[in-house]
Structures are given as structure tokens and as C-alpha cells.
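Colleague: The structure follows.
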Amino acid sequence: MDRGSRPARPQSVDELVRQAENFNFNPNIPFKHWTRAADTLYQEAHFALADGDYGRAFLMLYRHSSLVMKLVSHPQYRDPDSKKLFRPLSKRTNAVLDDMERIKPVIVDEYAEWERMAGGVHAQQRPSRYEDYAARDPSLSGHAKVLDASENQELAVDLAQQELARRDRARESRAPARADGHRAKDWYHGDDGDLRSQMEAARRALRPDAHDEKTDGGAPAAQHYSYPSISRSQAVSYEPQPRVPAPSRSPGPIRPPKESLPEQRSLTSPAIPGKVPLDRPPTLATEPRSVDVPPRPKKERIAFRPGAYLENGDPIRPVFVPNQLRRRFLEIAAENTRAGLEMCGILCGTPVNNALFVRCLLIPDQKCTSDTCETENEGAMFDYCAGEDLLVLGWIHTHPTQTCFMSSRDLHTQAGYQVMMPESIAIVCAPRFQPSYGIFRLTHPPGLDHILNCNHQDTFHQHSIDNIYRQTEHPNGHVYESDKLPFYVQDLRTK
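Numbering (the working numbering), first residue to last: 501 to 995.
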């Protein structure tokens with residue numbers, strides 16, 4: 501096996517713990533968004549276990565535990581609504597700690613096995629640039645055959661479809677057991693002090709004395725984008741075009757300068773998934789699930805290399821988007837587009853083999869204007885995602901009268917997504933302009949932290965740095981569009 505396809509050295513428990521604790525807990529982010537992030541981590545752990553990816557599962561569960569501990573110091577923690585959101589997390593604590601204890605021996609054994617098999621051979625070789633990066637990704641270790649998604653796009657989609665079908669069958673078969681609440685007796689009902697003491701004790705037990713092994717590596721160069729202001733919107737005449745093969749894309753035109761609009765909004769609370777502060781927090785799972793650790797695989801599992809790396813060197817997984825999703829969304833949004841009104845949808849999907857696959861375009865209730873779209877009845881949206889084992893992977897929205905770029909409001913919305921999941925993407929559709937669409941993410945650093953710390957109250961405003969966001973399409977990014985990837989539309993609008 502060549503050095504590019506063999507798995508990296510497994511991470512030790514101590515390394516996974518350090519990596520799990522290495523996240524920026526920003527108190528400027530609303531409490532309800534952090535509780536949603538905790539729920540995403542918990543879902544990710546279960547998906548990782550389905551893949552036999554024990555390292556990632558342990559990392560996600562430990563980070564979930566660390567986040568729950570930090571939440572008690574959040575300035576909004578004492579609010580009644582926050583207390584209500586925190587209660588399911590505290591009830592979940594026992595199950596999370598038990599799951600980590602069950603996974604830990606598998607990680608220890610894999611690390612010991614690698615040391616026995618490797619001997620001194622790998623230790624004498626200088627790590628490649630790829631191996632430096634891979635050391636930060638627990639999915640690229642252990643019993644894994646590491647493949648490049650760019651060279652195996654059809655295989656990635658085929659394997660994902662097989663695994664998703666298997667998971668759908670398993671979810672349907674266990675649905676009665678979930679409704680029975682069979683783990684209710686294991687829920688933790690202690691007060692905040694008991695929760696902190698229990699988790700700190702578990703942390704000491706899970707963290708062994710191990711040698712620190714540091715990794716380092718430079719990050720790919722970031723694409724820089726100038727940041728335009730906004731011109732006042734006007735209705736346009738628009739009819740959806742017949743389906744034609746997608747032409748090769750060329751660089752977009754220089755973005756025109758635009759006037760700022762007077763509308764106000766609070767930007768310390770990035771809206772997720774809409775473009776304004778949320779009016780109702782999402783609901784978490786009604787009860788904790790125990791991680792069923794499957795038998796250790798006899799064969800190598802498949803793990804796809806990171807699709808790209810953040811500017812700080814952290815790996816981000818490949819994201820596969822159905823090629824026809826944009827066309828279908830524009831058909832749904834056509835009436836709004838003709839009226840000069842924006843519209844948004846949510847990209848929902850699932851991780852398989854260290855890659856993320858969009859499989860559902862969700863249309864939430866929303867209030868749309870010429871420059872904004874405000875999601876409503878969010879509870880129904882998050883209840884649906886929880887019931888279907890879907891993660892929110894990003895969002896898509898139209899610019900019916902503007903060119904294709906990320907406005908200041910879009911940037912604050914996107915920051916909320918990337919706090920939950922660094923791979924999250926924003927698709928902007930500008931059907932009256934060229935380029936007619938773009939797929940973006942915030943840079944990190946400096947874009948994400950800059951936006952999270954921005955306290956401007958006006959709706960549209962300038963930022964003091966230019967390289968706030970970048971394009972994400974392959975080959976310079978982590979997003980692949982696939983003709984073979986199926987998806988469905990879930991329209992939750994009630995009016």
C-alpha cells in the first residue's frame with residue numbers, strides 16, 4: 501500500500517481528548533445555537549459508529565461533554581428558556597460517558613496493534629505533508645483504506661447509497677424501541693454541581709498518561725474576495741429556463757459597488773438556518789441513545805481523504821451535492837424570483853465513509869422580502885431532521901436582484917452553520933447574472949472569528965478584512981456535484 505492510501509497512525513486516547521477540547525467556546529453565540537451544536541456532535545458520534553470509525557465517535561462524544569460543561573458558564577445559562585434547552589443535555593450525560601468508556605478499549609487496542617505492526621519502520625520515515633494533515637483526522641487511521649474522493653467520486657456515491665439504504669432499514673426497525681423509551685432509567689437527573697463533578701471525574705478516568713505527539717503543517721493558500729456593499733433591490737422579470745447541460749464555469753465579473761440599506765438587525769446572534777435571529781430553539785432528541793459498538797471490522801473500512809483543509813490546517817470532509825438540486829430549488833423559488841423576493845432552503849444529509857452527502861432539500865416556513873428571508877416554525881424543521889437522522893450541512897438561497905456573492909447578512913448566517921459543522925456550505929443562486937451561482941464558506945481564520953466578533957447592528961455593513969469567505973467547489977475546495985446522487989424535497993411550508 502502506498503503512503504497516500506494507507507491509514508495514518510491511529511490517534512491515542514490522549515490525543516483525541518486534546519483535539520476534542522480544542523474548540524473556541526464563544527459566549528457571543530446564543531445559548532440555543534450551542535445546544536444545537538451539542539446535538540449535532542451527538543448525532544455525528546452515532547454516524548461514526550455506523551462506519552466503524554471509533555476515533556471520530558470518541559472525539560465527538562468527548563467534545564459534546566466538554567461543550568456541555570462550558571455551557572454552564574454562558575451568560576444566558578440562567579435564562580428560563582436556556583434551562584429548558586440544557587435539561588435534555590444533562591439527561592444525556594450518563595449515556596455519553598458510558599459510550600466513551602465502551603469505545604475507549606477499542607481505541608487503545610488499535611493504537612497498540614499499530615505499534616506492534618509498525619515497529620520502527622514508520623518511525624524512521626519523515627512524515628509527508630499529507631501525513632502531517634492526516635494526523636489531525638481520526639477517521640484516517642486504524643482499519644481504513646484511505647481513498648481520494650476526487651479520484652473516486654462515483655464509488656463514493658455508490659457506497660453512500662448502499663449504506664444509507666442499510667441505515668434507513670435499521671432506523672425503521674428500531675423505531676418501536678425508541679418510542680418505548682427503554683433507556684429512560686439510565687438518564688441523569690442530577691443538579692448542575694453533580695453534572696460537573698461526574699464529567700470531570702470521567703475526564704480524569706478517560707485521559708491516560710501518554711506521550712504528547714504534536715503535529716504541524718501549513719494550510720493551503722486561501723482565495724481572497726473583495727466585499728461589496730448592497731444596492732437597493734427591484735423586481736425583475738424571470739422565468740425558469742429549460743434544463744440544459746451545465747456549461748463550464750468562468751470567473752465571475754467584478755462585483756459592482758452597492759449602497760447600504762437602513763434596515764437593522766442584531767448580528768451577535770447568527771441566524772440558523774435562516775437569515776435572521778431564530779424565533780424558536782430546535783428540539784433535541786427526546787431521550788438519549790446508547791452507542792451500540794459494533795464488532796471490530798475484519799476488513800479495512802473505507803475512509804475518504806479530507807476534501808480540503810481550513811486555513812488553520814484542520815481537515816474538512818468532502819461534501820457531495822446533487823447536481824440537479826439547484827435547478828429544482830430555482831423551480832420552487834420561481835414565483836418569488838419573479839416578484840423580486842428572496843427564498844431559502846436547507847441542505848440536509850448524512851456522513852458516510854468520512855464524506856458528507858446531501859440527500860434532502862428542506863423548504864421551511866419563511867417570510868420573504870426583497871433582501872431577506874426569515875424562517876418560521878423552526879421546531880417542525882428540526883423535529884423532521886431529528887426523526888430522519890439528518891444533519892444540517894448548509895443552506896441555499898436566491899439573490900433575485902443581486903449578483904452572486906455573500907452579503908454581510910449572509911456571512912453572519914453562515915457563521916452560525918460553521919460553528920456547528922466546519923464543512924457547512926452556502927449556495928447562492930443569482931439566476932439573472934453570471935456567474936449564476938456560487939458555493940461558499942467562511943475562511944478560518946480569519947473570516948469565522950471576525951464575523952462572530954462583529955457587533956455591527958445595521959443589516960448591511962462593511963468589514964475591515966477582505967478574505968472573509970471563499971469558494972468551495974472542487975478542485976480548490978471540498979464540494980463535489982454529482983449526477984448520480986439522488987435527493988428529495990421536503991416542503992414544510994404551511995402557507
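Glycine included, every Cβ here is placed at the ideal spot set by N, Cα and C.
Using three-state DSSP, classify Phe987 as helix, strand or coil.
Modeller: As a first step, residue 987 is located in the sequence shown; it is residue number 487 there, counting from the start. It is coil, neither helix nor strand.
Colleague: Within the same chain, show all residues whose beta-carbon is closer than 7 Å to that of Gln653, passing over the 5 residues directly before and after it, in chain order.
Modeller: Working through the sequence shown from its first residue, we reach residue 653 at position 153. The answer, listed in chain order, is Tyr980, Ser982.
Colleague: Measuring CA to CA, which of Cys844, Phe820, Asn524, Gly887 is closest to Asp658?
Modeller: Position 158 of the sequence shown, counting from 1, holds the residue named residue 658. The candidate whose alpha carbon is nearest that of Asp658 is Phe820.
Colleague: Count the other C-beta atoms from every protein chain shown that fall within 10 angstroms of the C-beta of Ala618, then say buried if there are 16 or more, exposed otherwise.
Modeller: Position 118 of the sequence shown, counting from 1, holds the residue named residue 618. With fewer than 16 other Cβ atoms within 10 Å, it is exposed.
Colleague: Taking its Cβ as the centre, do 16 or more other Cβ atoms sit within 10 Å of Lys591, making it buried, or is it exposed?
Modeller: Residue mapping note: residue 591 aligns to position 91 of the sequence shown, counting from 1. Under this definition Lys591 is a buried residue.
Colleague: Considering only C-alpha positions, which residue in the set Ser964, Asn594, Thr943, Tyr988 is nearest to Gly813?
Modeller: On the sequence shown, position 313 is the one that residue 813 refers to. For Gly813, the nearest C-alpha among the options comes from Thr943.
Colleague: So, is Asn524 buried or exposed, given that buried needs 16 or more other C-beta atoms within 10 angstroms?
Modeller: Stepping through the sequence shown from its first residue, residue 524 is reached at position 24. Exposed, since its Cβ has fewer than 16 Cβ neighbours within 10 Å.
Colleague: If you count every other CB in all the chains shown that lies within 10 Å of the CB of Asp599, and 16 or more means buried, which is it?
Modeller: By one-based count along the sequence shown, residue 599 stands at place 99. Asp599 should be labelled buried.
Colleague: Closer than 8 Å is the cut-off here; do at least three beta carbon pairs connect the region 873-888 with the region 571-589?
Modeller: Too few Cβ pairs lie closer than 8 Å, so no.
Colleague: Which residue wins for smallest C-alpha separation from Leu825, given the options Asp539, Arg556, Lys984?
Modeller: The residue labelled residue 825 in the question sits at position 325 within the sequence shown. For the residues Asp539, Arg556, Lys984, the minimum Cα distance to Leu825 belongs to Lys984.
Colleague: What number of angstroms, rounded off, separates the C-alpha of Asn955 from the C-alpha of Asp966?
Modeller: The residue labelled residue 955 in the question sits at position 455 within the sequence shown. The residue labelled residue 966 in the question sits at position 466 within the sequence shown. Between Asn955 and Asp966, the C-alpha separation is close to 17 Å.
Colleague: So, at 8 Å on beta carbons, what are the nonlocal neighbours of Asn823 in its own chain, with the 5 sequence-adjacent residues on each side left out?
Modeller: The residue labelled residue 823 in the question sits at position 323 within the sequence shown. So the list reads Ala746, Glu981, Ser982, Asp983, Leu985, once near-sequence residues are dropped.
Colleague: From what residue to what residue does the beta strand (DSSP E) around Ser572 run?
Modeller: Here residue 572 refers to the residue found at position 72 when the sequence shown is read from its first residue. Note that residue 572 is Val in the sequence shown here, rather than Ser. Element bounds for Val572: n/a, residue is neither H nor E.
Colleague: Note down, in chain order, each residue of its chain lying with its Cβ closer than 8 Å to the Cβ of Ile968, except the 5 sequence neighbours on either side.
Modeller: Working through the sequence shown from its first residue, we reach residue 968 at position 468. Counting only Cβ-Cβ distances below 8 Å, and skipping sequence neighbours, we find Tyr725, Tyr727, Met906, Leu911, Leu942, Thr943, Pro946, Gly947, His950, Ile951.
Colleague: Comparing alpha-carbon positions, which option in Asn522, Pro900, Ile832, Pro864 lies nearest Leu567?
Modeller: Mapped onto the sequence shown, residue 567 falls at position 67. That would be Asn522, whose Cα lies nearest to the Cα of Leu567.
Colleague: Count Cβ pairs between the region 922-934 and the region 863-874 that sit closer than 8 Å; are there 3 or more?
Modeller: With a cut-off of 8 Å, the region 863-874 and the region 922-934 do not count as touching, because too few Cβ pairs lie within range.
Colleague: Looking at the secondary structure, which residues open and close the alpha helix (DSSP H) in which Ala915 lies?
Modeller: Position 415 of the sequence shown, counted from the first residue, corresponds to residue 915. Segment 908-920, the alpha helix (DSSP H) holding Ala915.
Colleague: Taking the beta carbon of Tyr988 as the centre, do at least 16 other beta carbons fall within 10 Å, making it buried, or is it exposed?
Modeller: The residue given as residue 988 occupies position 488 in the sequence shown. Result: exposed.
Colleague: Could you tell me which residues DSSP puts in a beta bridge with His897?
Modeller: Stepping through the sequence shown from its first residue, residue 897 is reached at position 397. His897 is bridged to Cys844, Val928.
Colleague: Please report the residue range of the alpha helix (DSSP H) in which Ala520 lies.
Modeller: Locating residue 520 in the sequence shown gives position 20, where the first residue counts as 1. Note, Ala520: alpha helix (DSSP H), 513-521.
Colleague: Apart from the five residues just before and just after Asp553, which ones in its own chain have a Cβ nearer than 6 Å to its Cβ?
Modeller: Within the sequence shown, the letter at position 53 stands for residue 553. Around Asp553: Ser639.
Colleague: Just mark Gly887 as buried or exposed, buried being the case when its beta carbon has 16 or more other beta carbons within 10 Å.
Modeller: The residue given as residue 887 occupies position 387 in the sequence shown. So Gly887 counts as exposed.
Colleague: Is the separation between the beta-carbon of Phe547 and that of Ala656 shorter than 8 Å?
Modeller: Position 47 of the sequence shown, counted from the start, is the residue given in the question as residue 547. Position 156 of the sequence shown, counted from the start, is the residue given in the question as residue 656. No.
Colleague: If you run the structure through DSSP and keep just helix, strand and coil, what is Gln902?
Modeller: Here the question's residue 902 lines up with position 402 in the sequence shown. Coil.
Colleague: Buried or exposed, going by whether 16 or more other CB atoms sit within 10 Å of the CB of Arg993?
Modeller: Along the sequence shown, read from residue 1 onward, the residue named residue 993 stands at position 493. With fewer than 16 other Cβ atoms within 10 Å, it is exposed.
Colleague: Using the Cβ count rule (16 or more neighbours within 10 Å means buried), how would you classify Glu601?
Modeller: Within the sequence shown, the letter at position 101 stands for residue 601. Glu601 is exposed by the Cβ-count criterion.
Colleague: Mind reading off the beta-carbon distance from Leu861 to Phe829? Whole number of angstroms is fine, and I expect it under 8 Å.
Modeller: Within the sequence shown, numbered from 1, the residue matching residue 861 stands at position 361. Within the sequence shown, numbered from 1, the residue matching residue 829 stands at position 329. Contact holds; Cβ gap of about 6 Å.
Colleague: Can you give me the Cβ contacts of Met560 inside the same chain, cut-off strictly under 6 Å, excluding the 5 residues immediately before and after it?
Modeller: Taking the first residue of the sequence shown as position 1, residue 560 is located at position 60. Once the five neighbours on either side are set aside, the close Cβ partners of Met560 are Leu541, Glu544, Ala545.
Colleague: For Trp534, which of His574, Ser512, Val513 has the nearest alpha-carbon?
Modeller: Along the sequence shown, one-based indexing puts residue 534 at 34. It is His574 whose Cα lies nearest to the Cα of Trp534.
Colleague: Please look up how many angstroms separate the CB atoms of Phe940 and Thr972, rounded, as I've assumed it's under 8 Å.
Modeller: Working through the sequence shown from its first residue, we reach residue 940 at position 440. Working through the sequence shown from its first residue, we reach residue 972 at position 472. Their Cβ separation, rounded to whole angstroms, is 6 Å, which keeps Phe940 and Thr972 in contact under 8 Å.
Colleague: Please determine, among Ser673, Ala537, Leu516, the residue with the shortest C-alpha to C-alpha distance to Gly916.
Modeller: Against the sequence shown, residue 916 aligns to sequence position 416. Out of Ser673, Ala537, Leu516, Ala537 has the C-alpha closest to the C-alpha of Gly916.
Colleague: Residue range of the alpha helix (DSSP H) that Asp949 falls in?
Modeller: By one-based count along the sequence shown, residue 949 stands at place 449. It spans 947-952 - the alpha helix (DSSP H) in which Asp949 sits, taken as one unbroken run.
Colleague: How close, in whole Å, do the beta carbons of Pro864 and Glu842 come, if the pair is a contact with beta carbons under 8 Å?
Modeller: Residue numbering aside, residue 864 sits at position 364 when the sequence shown is read from its first letter. Residue numbering aside, residue 842 sits at position 342 when the sequence shown is read from its first letter. With a Cβ gap of about 13 Å, Pro864 and Glu842 do not count as contacting.
Colleague: For Phe804, list the residues DSSP reports as bridge partners.
Modeller: Here the question's residue 804 lines up with position 304 in the sequence shown. Leu647, per the DSSP bridge assignment.
Colleague: In three-state DSSP terms, what is Ser964?
Modeller: Taking the first residue of the sequence shown as position 1, residue 964 is located at position 464. Coil, per DSSP.
Colleague: Identify every residue that forms a DSSP beta bridge with Tyr562.
Modeller: Numbered from 1 along the sequence shown, position 62 holds the residue referred to as residue 562. Tyr562 pairs with nothing; no bridge assigned.
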